[in-house]
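Visitor: Just dropping this structure here.
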Amino acid sequence: MEPLEPLECCAPLAREPIDPAQAAGVARVFKALGDPVRLRILSIVASHASGEACVCDLTAAFDLSQPTISHHLKVLKDVGLLTSERRASWMYYRVVPERLAELSGLLAVPAAMTER
Numbered sequence: 001m002e003p004l005e006p007l008e009c010c011a012p013l014a015r016e017p018i019d020p021a022q023a024a025g026v027a028r029v030f031k032a033l034g035d036p037v038r039l040r041i042l043s044i045v046a047s048h049a050s051g052e053a054c055v056c057d058l059t060a061a062f063d064l065s066q067p068t069i070s071h072h073l074k075v076l077k078d079v080g081l082l083t084s085e086r087r088a089s090w091m092y093y094r095v096v097p098e099r100l101a102e103l104s105g106l107l108a109v110p111a112a113m114t115e116r
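Start counting the sequence shown at 1; every next residue gets the next number (UniProt numbering).
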């Protein structure tokens, strides 16, 4: 997904239609988040006390195989919502706050719209 230009007056969706390329990129991110397992993974990583979670913590939270968890993590990394770092034999995952801020900004409702 290409970074969205910050708009001072209002959210991009409320200001003007996004172009087809942006729509395709944003749709990929929301498609990734549309899976309940991936949404939970993102939530677990984001809410982890240290700001990152070991793959071992994630695997223990689900009744799924390790390869399935790895697939979901790859999807979240591919759309830019997570980053990872290998430490010894474990992978650690962190949320990309800039990407969440982009999505939040895209969906923010300007005050003028809530006053209608």
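Every residue gets a Cβ at the ideal spot worked out from N, C-alpha and C, and that includes glycine.
How would you write the range of the beta strand (DSSP E) that Val-95 sits in, first residue to last?
Guide: Stepping through the sequence shown from its first residue, residue 95 is reached at position 95. Taken as a continuous stretch (DSSP letters only), the beta strand (DSSP E) holding Val-95 covers 90-95.
Visitor: Using the three-state DSSP reduction, which class does Glu-16 fall into: helix, strand or coil?
Guide: On the sequence shown, position 16 is the one that residue 16 refers to. Three-state result, Glu-16: coil.
Visitor: Using DSSP with H/G/I as helix, E/B as strand and the rest coil, what is Ser-84?
Guide: For the purposes of this step, residue 84 is taken as the residue at position 84 of the sequence shown. In this structure, Ser-84 counts as strand in the three-state DSSP scheme.
Visitor: Please look up how many angstroms separate the CB atoms of Ala-23 and Val-109, rounded, as I've assumed it's under 8 angstroms.
Guide: Residue 23 sits at position 23 when you count from the first residue of the sequence shown. Residue 109 sits at position 109 when you count from the first residue of the sequence shown. At roughly 19 angstroms, the Cβ-Cβ gap does not stay under 8 angstroms, so Ala-23 and Val-109 are not in contact.
Visitor: Relative to the C-alpha of Arg-94, which residue among Ala-49, Ala-53, His-72 is closest?
Guide: Indexing the sequence shown from 1 puts residue 94 at position 94. It is Ala-53.
Visitor: With Val-29 and Val-79 assumed to form a contact (beta carbons below 8 angstroms), what rounded beta-carbon distance in angstroms separates them?
Guide: Reading the sequence shown from its first residue, position 29 is the one you call residue 29. Reading the sequence shown from its first residue, position 79 is the one you call residue 79. Indeed they touch by this definition, with Cβ atoms about 5 angstroms apart.
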